[in-house]
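>
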Amino acid sequence: MRYHQAVVVGGGLAGLRAAVALNQRNIKVAVISKVHPIRSHSNSAQGGINAPLGNHPRGCVDSPERHAFDTIKGSDYLADQDAVMRLTKDAAKRIIELEHWGCPFSRTIDGKIAQRPFGGAGFPRTCYAADRTGKYILHTLWEQIIKYIHSSERENMTVYDEWFVTSIVVKDGVCHGVIAMDLDTGELEEFKADAVIFATGGSGRVYKNTTNSLISTGLGVAIPFREGIPLKDMEFIQFHPTTLYGNNILMTEGCRGEGGYLLNNKGERFLANYDDSRKAMEVAPRDIIARNMMREILAGRGFEDAYLHLDLRHLGAEKINTRLPGIRELAINFVNVDPIDEPIPVQPGMHYTMGGIDTNINCETIVKGFYAAGECACVSVHGANRLGGNSLLETVVFGTIAGESAADYILEESPSSSEAALKEKLGQQKIVLMNYLDHNGEENHAKIKEELGTVMKDKVGIFRKKEKMEEALEEVRKLKERYKDIKIIDKGKRMNFDLIWAMELGGNLEVAEVITMGALKREESRGSHYRLDFPERDDKNWLKHTVAFSTPEGVKLEYKDVTLGFYEPRERKY
Ligand SMILES: Cc1cc2nc3c(=O)[nH]c(=O)nc-3n(C[C@H](O)[C@H](O)[C@H](O)COP(=O)(O)OP(=O)(O)OC[C@H]3O[C@@H](n4cnc5c(N)ncnc54)[C@H](O)[C@@H]3O)c2cc1C
């Protein structure tokens, strides 16, 4: 049986930063990732990472408090305010640390880390490395991991890439490790660990129209959910205003931060026609812009009733080539449009999962020794709507905190995990696997995935309504039934992606049910959750977190208070 003091599941930014924090405390750690770490979705983050550095040459006084206020206001007051204060207080420290580790941030004329305007702030607060910020930070952290792998205490850091975690092992309220499949051999193995950190990323692939990579599925949060760990605020799904028409590849908010325009089929900057976006225009919060884009399309002022234009032409070739080179490349390669000469066709698409595994400010869950950080977790710092640039920040701030919390637990409480519990779980997981491979059902899981994505897009999307969501819930439950009768055609062991995608779909279906139930129950509009039948925010009844539990009788929803204390909820005016 493999044993590491700590196991981190996820090789994205949150996972790698947590692993570094553990190593800094001399804990022997293993990172498990279903893809090589630098292929994690963090790699595709484009626009930047927020920190109140106030570096912009035109000068703007910034502070952690100001950053916290914008984040809380952006969250429509659903974020826990103590967690937000922690996020913004640690922000500068984590950015400077990345800089010292060699992250090649873009620079101001006098050599400071450059910042650009992004959602919410109204002035430049977002540090960036051209339009490949996630990639550069991920590679910087990966270098740190390699340093630990090759250091004299070599066994302190082990990376298992292309290993797929199928379950965590929880007994008597304590986590004892995980069960994972080596994708190369198809064999399941136990990983005994004194502490486990989940950093499995977002659940974007529950939706059809998403910017998220194929590996960003609901399974990462479904695994702990199955073991009784609740999910929080899952109904809050962020739709990004500008994704490429047809395939939903992200066109970063940085395009608008750099001065890009959104135009309708009359060539108008239509955001000026809406009260909530008139002032901030293209850099208003994402939920507001996405809704106004949909209104424009529904009113017949889009192109082919489906998309609008993102116009960068007036920025000029030099700015596009230095600040947005990746965007130019993507637009040319995927829709054959060179943004220097032509506007880019864009439409809103699912982008970010605000909810996730319910944790406190120390990344602890209700299970001892089990932690979560990054997009799979809900601390909660984003509440009902995340500001652009705050998610990368969350991964490095709370990745660090998760690693430190787990290290404290291991060093102070000397937990000892139960091999019997691991063996028992391994036995159960082997049966689950056998059932997947042996069942020769009638259903095709790829088809179910397609139908699920469409239902979620059409009925639990940007505009939500009771009747449509009731239909969605019924359809999701029917798909769950049909899923029981799927057939895995590939019976082989090595790199069996027929099997893996089927298992991922199981997670997507569970998460879709939780999202839909939470959205149906929440009879108000807040942040990204917009109900046509309840268009107002209702603090009296709904200033509370949704907490979903998996029980033998099905999903149960409970509610808990939002931590306030710094800023009183106010009307969200822009
Ligand atoms: C296109 C795009 C652009 C973005 N741009 C920005 C931006 O500019 N600024 C910003 O702040 N945010 C941005 N975001 C959001 C941000 O990038 C993500 O929220 C963040 O990178 C998530 O990091 P993470 O470490 O939590 O997860 P990820 O980077 O998604 O990593 C998840 C890891 O978990 C592993 N994993 C998952 N399940 C399993 C399993 N069962 N077994 C083993 N391993 C598993 C995966 O292999 C992977 O290594 C963007 C997101 C997208 C999709």
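For the sequence shown, my numbering gives the first residue as 368, with consecutive numbering after it.
Even glycine gets a Cβ: it sits at the ideal position worked out from N, Cα and C.
Being a predicted model, the structure only gives us computed values, none of them experimental.
Going along the chain, which residues of its own chain have a beta-carbon closer than 8 Å to the beta-carbon of His681, five neighbours each way excluded?
Stepping through the sequence shown from its first residue, residue 681 is reached at position 314. Gly626, Tyr628, listed in sequence order.
> How would you label Met368, buried or exposed, when you count the other beta carbons within 10 angstroms and need 16 or more for buried?
Here residue 368 refers to the residue found at position 1 of the sequence shown. So Met368 counts as exposed.
> With a threshold of 6 Å on Cβ separation, who are the neighbours of Val536 within its own chain once the five nearest residues in sequence on each side are excluded?
Taking the sequence shown and counting its residues from 1, one reaches residue 536 at position 169. Excluding residues within five positions, the ones whose Cβ falls inside 6 Å are His543, Gly544, Ala788, Leu789, Lys792.
> Let me check understanding here. Comparing Cα to Cα, which of Asp437, Leu420, Ile516, Ala459 lies closest to Gln391?
As a working mapping, residue 391 is identified with position 24 in the sequence shown. Gln391 has its Cα closest to that of Ile516, out of Asp437, Leu420, Ile516, Ala459.
> Can you tell me whether DSSP reads Phe349 as helix, strand or coil?
The chain is shown only over 368 to 941; residue 349 falls outside these bounds and no answer can be derived.
> Which residue comes first and which comes last in the beta strand (DSSP E) that contains Glu557?
For this step, residue 557 is matched to residue 190 along the sequence shown. Unbroken beta strand (DSSP E) run through Glu557: 554 to 565.
> Below 8 Å, can you find three or more Cβ-Cβ pairs linking the segment 502 to 515 to the segment 374 to 386?
Flag = yes, the segment 502 to 515 and the segment 374 to 386 touch.
> Does the distance from the CB of Arg753 to the CB of Ser442 come in under 9 Å?
In the sequence shown, residue 753 corresponds to position 386, counting from 1. In the sequence shown, residue 442 corresponds to position 75, counting from 1. Closer than 9 Å, so yes.
> Between which two residues does the alpha helix (DSSP H) harbouring Val387 extend?
Within the sequence shown, numbered from 1, the residue matching residue 387 stands at position 20. 380 to 391 is the extent of the alpha helix (DSSP H) around Val387.
> Under a Cβ-count criterion, where at least 16 other Cβ atoms within 10 Å of its own Cβ denotes burial, should Asn875 be classed as buried or exposed?
Position 508 of the sequence shown, counting from 1, holds the residue named residue 875. So Asn875 ends up on the buried side.
> Got a sec, what are the start and stop residues for the alpha helix (DSSP H) Trp909 sits in?
By 1-based counting over the sequence shown, the position of residue 909 is 542. That run of the alpha helix (DSSP H) goes 906 to 909.
> Would you check whether ligand 1 has a heavy atom nearer than 8 Å to the C-beta of His371?
Here the question's residue 371 lines up with position 4 in the sequence shown. No, ligand 1 has no heavy atom inside 8 Å of this Cβ.
> For the beta strand (DSSP E) holding Gln943, just list the boundary residues, first then last.
Limits of the chain in this structure are 368 at one end and 941 at the other, which puts residue 943 out of reach.
> Can you say whether Gly828 is buried or exposed, counting buried as having 16 or more other CB atoms within 10 angstroms of its CB?
By one-based count along the sequence shown, residue 828 stands at place 461. Buried, by the Cβ-count rule.
> Going by the C-beta, is His718 closer than 8 Å to any heavy atom of ligand 1?
Taking the sequence shown and counting its residues from 1, the one referred to as residue 718 is at position 351. Yes, the Cβ of His718 comes within 8 Å of a heavy atom of ligand 1.
> If you draw a straight line from the alpha carbon of Gly693 to that of Asp498, how long is it in whole angstroms?
One-based indexing of the sequence shown puts residue 693 at position 326. One-based indexing of the sequence shown puts residue 498 at position 131. Whole-angstrom Cα-Cα distance: 6 Å.
> Taking Ala869 as the reference, which of Arg425, Gln795, Glu817, Gly489 has the closest Cα?
Reading the sequence shown from its first residue, position 502 is the one you call residue 869. The shortest C-alpha separation from Ala869 is found at Glu817.
> Evaluate Ala684 with the Cβ neighbour count: other Cβ atoms within 10 Å of its Cβ, from every protein chain shown; 16 or more gives buried, anything less gives exposed.
The residue labelled residue 684 in the question sits at position 317 within the sequence shown. The residue is exposed, with fewer than 16 neighbouring Cβ atoms inside 10 Å.
> Any heavy atom of ligand 1 inside 8 Å of the beta-carbon of Leu611?
In the sequence shown, counting from the first residue as 1, residue 611 sits at position 244. Leu611 Cβ: outside cutoff for every heavy atom of ligand 1.
> Taking three-plus beta-carbon pairs below 8 Å as touching, is the segment 757 to 776 in contact with the segment 560 to 567?
Verdict: yes, contact present.
> Taking the C-alpha atoms as reference points, what is the distance between Gln482 and Glu635?
Reading the sequence shown from its first residue, position 115 is the one you call residue 482. Reading the sequence shown from its first residue, position 268 is the one you call residue 635. Cα to Cα, the separation comes out at about 28 Å.
> Should Val402 be listed as close to ligand 1, given that the test is whether its C-beta is under 8 Å from any heavy atom?
Indexing the sequence shown from 1 puts residue 402 at position 35. Yes, Cβ of Val402 sits closer than 8 Å to a heavy atom of ligand 1.
> Any chance the CB of Cys743 is under 8 Å from a heavy atom of ligand 1?
Walking along the sequence shown from the start, residue 743 turns up at place 376. Result yes, Cβ under 8 Å from ligand 1.
> Please classify Asn863 as buried or exposed, where buried requires at least 16 neighbouring CB atoms within 10 angstroms.
Locating residue 863 in the sequence shown gives position 496, counting from the first residue. It is buried - the Cβ of Asn863 has at least 16 other Cβ atoms within 10 Å.
> Return the CA-CA distance between Phe637 and Arg623, expressed in angstroms with no decimal places.
Counting from 1 along the sequence shown, the entry for residue 637 is found at position 270. Counting from 1 along the sequence shown, the entry for residue 623 is found at position 256. When rounded, the distance between both Cα atoms is 14 Å.
> Please name the residue in Gly885, Gly873, Lys599, Asp672 whose C-alpha comes closest to that of Ala744.
Start at 1 with the first residue of the sequence shown, and residue 744 comes out as number 377. Among Gly885, Gly873, Lys599, Asp672, the Cα nearest to that of Ala744 belongs to Lys599.
> Determine which residues share a DSSP beta bridge with Tyr370 and list them.
Here the question's residue 370 lines up with position 3 in the sequence shown. Lys559, per the DSSP bridge assignment.
> Using a Cβ distance threshold of 8 Å, determine whether the segment 583 to 591 contacts the segment 756 to 768, with at least three qualifying pairs required.
The segment 583 to 591, when compared against the segment 756 to 768, does not touch it at the 8 Å Cβ threshold.
> Distance, Cα to Cα, Val748 vs Leu846?
If you number the sequence shown from 1, residue 748 lands on position 381. If you number the sequence shown from 1, residue 846 lands on position 479. Between Val748 and Leu846, the C-alpha separation is close to 33 Å.
> Does the segment 417 to 431 come close enough to the segment 590 to 598 that 3 or more CB-CB pairs lie under 8 Å?
No: fewer than three Cβ pairs fall under 8 Å.
> Name the residue from Thr767, Asn631, Ala566 whose alpha carbon lies nearest to the alpha carbon of Ile711.
As a first step, residue 711 must be located in the sequence shown, where it is residue number 344. The option with the nearest alpha carbon to Ile711 is Asn631.
> Confirm, please, whether the CB-CB distance from Ile798 to Ile853 is below 9 Å.
Sequence index remark: in the sequence shown, residue 853 carries index 486 (1-based). Sequence index remark: in the sequence shown, residue 798 carries index 431 (1-based). Result no, Cβ atoms of Ile853 and Ile798 do not sit closer than 9 Å.
> Can you give me the Cβ contacts of Ala450 inside the same chain, cut-off strictly under 6 Å, excluding the 5 residues immediately before and after it?
Counting from one through the sequence shown, the residue named residue 450 turns up at place 83. Ile728, Val746, Val748.
> Just to confirm the assignment: which complete beta strand (DSSP E) runs, minimum length 3, are found wholly within the segment 735 to 823?
Taking only runs of at least 3 residues, the beta strand (DSSP E) segments lying wholly in the segment 735 to 823 are 737 to 739.
> Classify Ile476: buried if its beta carbon has 16 or more other beta carbons within 10 angstroms, exposed otherwise.
What you label residue 476 is simply residue 109 of the sequence shown in a count that begins at 1. Classification of Ile476: exposed, given that the 10 Å Cβ count is below 16.
> Exposed or buried, Asp725, counting other C-beta atoms within 10 Å across all chains shown (16 or more means buried)?
The residue you call residue 725 lines up with position 358 of the sequence shown. With 16 or more Cβ atoms within 10 Å of its Cβ, Asp725 is classed as buried.
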